[in-house]
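So the sequences go chain by chain: A and B.
Position 54 of the first sequence, counting from 1, maps to 101 under this note's numbering, and the rest follow consecutively.
Position 327 of the second sequence, counting from 1, maps to 374 under this note's numbering, and the rest follow consecutively.
The next block holds one structure in the form of structure tokens; read it before the comments.
Protein chains: 2
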Amino acid sequence: MLPTIAWDGETVVMIDQRRLPQEETYLRCRDQHEVAAAIRDMAIRGAPAIGVAAAMGIVLGMQRQASDAAGDRAATFEAIARELAATRPTAVNLSWAIARMRRCLETHLALRTASLVPELLREALAIEREDIDACRRLGDLGALLLPERARVLTHCNAGALATAGYGTALGIVRSAARLGRLEAVFADETRPFLQGARLTLWELMRDGIPTTLITDNMAAHFMARGEINAIVVGADRIAANGDVANKIGTYGLAVLAKEHCIPFLVAAPLSTFDPATPTGVDIPIEERSPHEVTHIAGQRVAPEGAVARHPAFDVTPARLVSAIVCERGVARAPLADSLAQLARIVG
Amino acid sequence: MLPTIAWDGETVVMIDQRRLPQEETYLRCRDQHEVAAAIRDMAIRGAPAIGVAAAMGIVLGMQRQASDAAGDRAATFEAIARELAATRPTAVNLSWAIARMRRCLETHLALRTASLVPELLREALAIEREDIDACRRLGDLGALLLPERARVLTHCNAGALATAGYGTALGIVRSAARLGRLEAVFADETRPFLQGARLTLWELMRDGIPTTLITDNMAAHFMARGEINAIVVGADRIAANGDVANKIGTYGLAVLAKEHCIPFLVAAPLSTFDPATPTGVDIPIEERSPHEVTHIAGQRVAPEGAVARHPAFDVTPARLVSAIVCERGVARAPLADSLAQLARIVG
């Protein structure tokens with residue numbers, strides 16, 4: 048199992064994803080500010096993974112809280128929550144994890160701080176463990192939706208590194224490999240941050256799953272030639288109507304999948320569903336620094352003074368999604384009803 | 048006018064496009080081998096530009112030919128032609144320019160070598176001059192096909208640097224700017240060689256045309272938001288049925304244009320038309336080194352041992368092309384008939 052993030056007894060340890068695949072170095076976060084910085088600067092990324100990081104960040108913050116007064120602790124919690132929630136706006140798992148930690152706090156607010164913190168830690172570790180379980184379940188479910196000799200294209204990294212472990216889109220890939228249904232994997236390099244080239248290749252090569260790296264603009268060519276027969280991606284937020292926010296480039300792939308009559312699967316745990324957001328237009332899309340577009344690996348590639356844009360996510364309308372696979376089952380068109388039904392099932 | 052390529056009296060001088068935008072350095076080719084290397088290694092690229100380079104390369108080779116015997120000279124010519132034609136397989140302008148130089152040779156084979164070479168040079172310079180004229184004409188024609196407040200996306204570099212001057216797709220952009228029809232230009236960075244980020248931005252910034260750099264995978268997002276209302280690209284070879292080979296990524300853009308009801312224009316001089324190739328499947332697609340995908344600007348981005356693919360071009364089927372603009376007019380569906388008609392017109 049890849050060590051994406053772990054609680055080591057006192058601190059939160061995470062692999063520094065900015066330095067992969069060249070270096071396997073670990074960050075040790077001692078307080079919530081360091082966790083917030085790690086999320087903001089993308090040392091850790093991937094919607095489920097940053098949800099786990101936020102939950103652990105809350106534990107770090109709350110254990111520095113000396114007062115036993117309920118009001119003080121609630122105020123401290125909200126200050127920590129605000130800082131963590133502000134790091135990245137698109138993935139809903141961040142606010143989902145914070146909301147879950149808040150419910151835990153409210154349940155145990157009668158306890159003294161010394162007893163409350165272990166409860167919060169238990170909850171954070173439950174979020175971590177449940178995320179791995181969810182990935183395994185949705186991976187096995189999703190693998191059965193692939194063509195029998197699947198030649199899967201995936202975008203960005205929706206793998207073990209984007210979750211507490213196993214991965215969402217790459218969970219489906221791993222399960223398909225185990226079930227003997229996987230013929231090939233194509234990984235988009237995923238500019239500008241190159242999560243595909245750096246992280247997806249690194250993960251899948253470690254697992255011995257044969258993967259071919261392509262640039263983002265090659266996907267259509269390989270679909271037209273029949274070398275790709277399914278697309279599987281993760282998600283950062285799924286609106287109530289089934290619109291999916293995910294890494295920039297996902298929407299274009301969904302259009303290409305339709306043109307080539309290829310299934311377009313979205314893999315995400317229920318923590319990524321956001322019933323409070325009606326449609327994709329209501330999802331905030333993070334605009335990151337244009338420096339990440341004009342420069343690659345620290346080197347300037349565009350002329351001095353070049354203007355660039357950098358939306359980090361896009362929205363794929365529900366009509367282009369063949370199915371959404373979560374730990375409780377598979378949602379299909381009409382996605383709004385199907386998702387609502389899955390969310391209602393008692394887990 | 049940008050100095051893409053020039054005959055300086057004795058040698059062929061070209062700007063080294065591999066080093067732009069960081070450095071403006073010039074290569075001086077003294078013989079056909081140096082010209083062939085410059086084309087193969089992409090110091091000069093762009094279908095019309097490499098056609099001009101090949102014509103000038105033939106002059107360099109033929110002026111080293113001492114014999115006045117017709118058979119010797121024809122044999123020398125064919126050896127030079129083979130070397131130049133083998134450099135890059137997809138762009139037809141290379142073999143078009145060679146064929147035109149061969150006709151010139153055959154016309155003047157009665158002359159002694161000392162008189163033949165000036166005829167060949169005259170022809171090479173005519174190819175260069177006519178290419179600039181063709182770009183200006185097709186630029187003006189194409190500009191009128193754009194929406195009135197055009198927000199144009201272009202891919203790769205089909206500019207002055209890809210031609211003898213002015214450009215094909217960027218010729219349309221330049222003419223639209225002059226006619227006051229241009230509101231914005233988006234340039235795909237165009238991985239792996241980054242012609243968009245490096246060359247298109249450099250060219251258009253020099254001309255004061257406001258251009259926004261995006262990664263290839265952002266195009267769909269900006270189309271969906273209405274920020275792009277036309278796509279204009281160049282071509283490396285146009286088959287008799289109107290299928291278009293162009294830089295990898297072009298085909299995907301054509302699919303996206305259809306989905307968003309945006310015009311998809313192809314700009315190319317008649318030297319890019321290949322009536323001898325029936326359809327796109329008959330066009331050879333160059334596979335370049337996977338090293339260009341696993342590395343960026345000399346730095347490894349993918350893990351050691353990563354497998355990558357690198358088709359340098361793709362084929363856009365005629366049904367996705369709104370119009371092909373050449374120096375003699377505009378070809379529209381059914382493209383096969385329309386192209387044949389334009390090719391028949393005496394220039």
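Virtual Cβ for every residue (Gly too), placed ideally from N, Cα, C.
Subject >> CB contact below 8 angstroms: Thr262 (chain A) versus chain B >> reply: The sequence position of residue 262 (chain A) within the first sequence is 215, counting from 1. Taking Cβ atoms only, chain B reaches closer than 8 angstroms to Thr262 (chain A), which makes this a yes.
Subject >> CB of Thr210 (chain B) within 8 angstroms of CB of Asp235 (chain B), strictly >> reply: To locate residue 210 (chain B), count along the second sequence from 1; it is residue 163. To locate residue 235 (chain B), count along the second sequence from 1; it is residue 188. No, they are not a contact pair.
Original post:
Cβ of Tyr213 (chain A) less than 8 angstroms from any chain E Cβ?
Top reply: In the displayed structure, chain E is absent; the protein chains listed are A and B.
**OP:** Determine, using beta carbons only, whether Ile127 (chain B) and Ile97 (chain B) come nearer to each other than 8 angstroms.
**Re:** Within the second sequence, residue 127 (chain B) is the residue found at index 80, counting from 1. Within the second sequence, residue 97 (chain B) is the residue found at index 50, counting from 1. Result no, Cβ atoms of Ile127 (chain B) and Ile97 (chain B) do not sit closer than 8 angstroms.
Original post:
Buried or exposed: Val328 (chain A), going by 16 or more other Cβ atoms within 10 Å of its Cβ?
Top reply: One-based indexing of the first sequence puts residue 328 (chain A) at position 281. Exposed, because fewer than 16 other Cβ atoms sit within 10 Å of the Cβ of Val328 (chain A).
**OP:** Give the residues from the segment 328-347 of chain A that approach chain B closer than 7 angstroms (Cβ to any Cβ), ordered along the chain.
**Re:** Val340, Thr341, Ile343, Ala344, Gln346
Original post:
Between Met89 (chain A) and chain B, is there a C-beta pair that is closer than 8 angstroms?
Top reply: Along the first sequence, read from residue 1 onward, the residue named residue 89 (chain A) stands at position 42. False, the Cβ-Cβ gap to chain B never drops below 8 angstroms.
Subject >> beta strand (DSSP E) segment containing Leu200 (chain A), residue limits >> reply: Residue mapping note: residue 200 (chain A) aligns to position 153 of the first sequence, counting from 1. From DSSP, the beta strand (DSSP E) with Leu200 (chain A) extends over 197-201.
Original post:
Under a CB-based cut-off of 8 angstroms, is Thr259 (chain A) close to chain B?
Top reply: In the first sequence, residue 259 (chain A) corresponds to position 212, counting from 1. So, interface residue.
**OP:** Determine the extent of the alpha helix (DSSP H) in which Leu167 (chain B) is found, giving its start and end residues.
**Re:** In the second sequence, counting from the first residue as 1, residue 167 (chain B) sits at position 120. Leu167 (chain B) -> alpha helix (DSSP H) spans 160-190.
Subject >> Partners in chain A for Pro194 (chain B), counting only beta-carbon separations shorter than 7 angstroms >> reply: In the second sequence, counting from the first residue as 1, residue 194 (chain B) sits at position 147. What Pro194 (chain B) touches in chain A: nothing, since even the nearest Cβ is about 20 angstroms away.
Subject >> Contact belief for Phe320 (chain B) with Ile295 (chain B) at Cβ below 8 angstroms, rounded distance in angstroms >> reply: Residue 320 (chain B) sits at position 273 when you count from the first residue of the second sequence. Residue 295 (chain B) sits at position 248 when you count from the first residue of the second sequence. No, Phe320 (chain B) and Ile295 (chain B) are not in contact; Cβ-Cβ is about 21 angstroms, not under 8 angstroms.
**OP:** For Ala323 (chain B), count neighbouring C-beta atoms within 10 Å of its own C-beta (all shown protein chains included) and say buried if the count is 16 or more, exposed if not.
**Re:** Residue mapping note: residue 323 (chain B) aligns to position 276 of the second sequence, counting from 1. Label assigned to Ala323 (chain B): exposed.
Subject >> Contact between the segment 177-194 of chain B and the segment 369-378 of chain B (3+ Cβ pairs under 8 angstroms) >> reply: yes
Original post:
CB Arg382 (chain B) to CB Ala365 (chain B), shorter than 8 angstroms?
Top reply: Numbered from 1 along the second sequence, position 335 holds the residue referred to as residue 382 (chain B). Numbered from 1 along the second sequence, position 318 holds the residue referred to as residue 365 (chain B). Per the sequence shown, the amino acid found at residue 382 (chain B) is Leu instead of Arg. The answer is yes: Cβ separation under 8 angstroms.
**OP:** Name, going along the chain, the residues of the segment 359-373 of chain B whose beta-carbon falls closer than 9 angstroms to a beta-carbon of chain A.
**Re:** Phe360, Asp361, Val362, Pro364
**OP:** Could you check what DSSP says for Gly376 (chain B) in three-state terms: helix, strand or coil?
**Re:** Numbered from its first residue, the second sequence carries residue 376 (chain B) at position 329. Strand.
Original post:
Quick one: Cα of Thr326 (chain B) to Cα of Thr363 (chain B), how far?
Top reply: Looking up residue 326 (chain B) in the second sequence gives position 279. Looking up residue 363 (chain B) in the second sequence gives position 316. The alpha-carbon atoms of Thr326 (chain B) and Thr363 (chain B) are separated by roughly 10 angstroms.
Original post:
According to the neighbour-count rule (16 or more other Cβ atoms, all chains shown, within 10 Å of its Cβ), is Thr258 (chain A) buried or exposed?
Top reply: On the first sequence, residue 258 (chain A) is found 211 positions in, with the first residue counted as 1. With 16 or more other Cβ atoms within 10 Å, it is buried.
Original post:
Mind checking Gln346 (chain B): buried by the 16 CB within 10 Å criterion, or exposed?
Top reply: As a working mapping, residue 346 (chain B) is identified with position 299 in the second sequence. Classification of Gln346 (chain B): exposed, given that the 10 Å Cβ count is below 16.
Subject >> 8 angstroms Cβ cutoff, Arg198 (chain A) in contact with chain B >> reply: As a first step, residue 198 (chain A) must be located in the first sequence, where it is residue number 151. Chain B contact via Cβ: absent.
Original post:
Tell me the DSSP bridge mates of Asn293 (chain B)?
Top reply: In the second sequence, counting from the first residue as 1, residue 293 (chain B) sits at position 246. B:Asp361.
Original post:
On the premise that Gln79 (chain B) lies in contact with Gly118 (chain B), defined as a C-beta separation below 8 angstroms, what is that separation, rounded to the nearest angstrom?
Top reply: In the second sequence, counting from the first residue as 1, residue 118 (chain B) sits at position 71. In the second sequence, counting from the first residue as 1, residue 79 (chain B) sits at position 32. No, Gly118 (chain B) and Gln79 (chain B) are not in contact; Cβ-Cβ is about 19 angstroms, not under 8 angstroms.
**OP:** With DSSP as the reference, label Ala277 (chain A) as helix, strand or coil.
**Re:** In the first sequence, residue 277 (chain A) corresponds to position 230, counting from 1. Ala277 (chain A) falls in the strand class under three-state DSSP.
Subject >> Inter-residue Cα distance where the pair is Arg156 (chain B) and Arg176 (chain B) >> reply: Start at 1 with the first residue of the second sequence, and residue 156 (chain B) comes out as number 109. Start at 1 with the first residue of the second sequence, and residue 176 (chain B) comes out as number 129. The amino acid at residue 156 (chain B) is misidentified as Arg; the sequence shows Leu. C-alpha of Leu156 (chain B) to C-alpha of Arg176 (chain B): approximately 24 angstroms in a straight line.
Subject >> Buried or exposed by the 16-neighbour rule on C-beta atoms within 10 Å, applied to His338 (chain B) >> reply: For this step, residue 338 (chain B) is matched to residue 291 along the second sequence. That one is exposed.
Original post:
Is there a Cβ from chain B that is less than 8 angstroms from the Cβ of Leu248 (chain A)?
Top reply: Counted from its first residue, the first sequence places residue 248 (chain A) at position 201. Judged by the 8 angstroms Cβ criterion, Leu248 (chain A) is in contact with chain B.
Original post:
Which partner residues does Thr259 (chain A) have in the DSSP bridge list?
Top reply: As a first step, residue 259 (chain A) must be located in the first sequence, where it is residue number 212. Thr259 (chain A) pairs with A:Phe233, B:Val354.
**OP:** Work out the CA separation of Ala161 (chain B) and Leu168 (chain B) for me, nearest whole Å.
**Re:** To locate residue 168 (chain B), count along the second sequence from 1; it is residue 121. To locate residue 161 (chain B), count along the second sequence from 1; it is residue 114. Cα-Cα distance, rounded: 12 angstroms.
Subject >> Contact list for Val93 (chain A) against chain B, beta-carbon separation under 7 angstroms >> reply: Taking the first residue of the first sequence as 1, we reach residue 93 (chain A) at position 46. Checking the displayed sequence, the identity of residue 93 (chain A) turns out to be Gly instead of Val. Within 7 angstroms Cβ-Cβ: nothing; Gly93 (chain A) doesn't reach chain B, min ~18 angstroms.
Original post:
By DSSP, does Arg225 (chain B) sit in helix, in strand, or in coil?
Top reply: In the second sequence, residue 225 (chain B) corresponds to position 178, counting from 1. The answer is helix: DSSP assigns Arg225 (chain B) an H, G or I state.
Original post:
In the segment 83-121 of chain A, which residue ranges form an unbroken alpha helix (DSSP H) of at least 4 residues, counting only runs that do not cross its ends?
Top reply: 94-109
Original post:
Terminal residues of the continuous alpha helix (DSSP H) containing Ala53 (chain A)?
Top reply: For the purposes of this step, residue 53 (chain A) is taken as residue 6 along the first sequence, with counting starting at 1. That residue, Ala53 (chain A), is in no alpha helix (DSSP H); its beta strand (DSSP E) goes 52-54.
Subject >> Cut-off 7 angstroms between Cβ atoms - residues of its own chain near Leu303 (chain B), not counting five sequence neighbours on either side >> reply: Taking the second sequence and counting its residues from 1, one reaches residue 303 (chain B) at position 256. These residues qualify, in order along the chain: Ala266, Ala267, Met270.
Original post:
Which whole-angstrom value describes the C-beta separation of Leu312 (chain B) and Ala277 (chain B), a residue pair presumed to lie in contact below a C-beta threshold of 8 angstroms?
Top reply: Along the second sequence, read from residue 1 onward, the residue named residue 312 (chain B) stands at position 265. Along the second sequence, read from residue 1 onward, the residue named residue 277 (chain B) stands at position 230. At roughly 7 angstroms, the Cβ-Cβ gap stays under 8 angstroms, so Leu312 (chain B) and Ala277 (chain B) are in contact.
**OP:** With DSSP as the reference, label Tyr4 (chain A) as helix, strand or coil.
**Re:** Here chain A comprises residues numbered 48 to 394, so residue 4 (chain A) is not present and cannot be evaluated.
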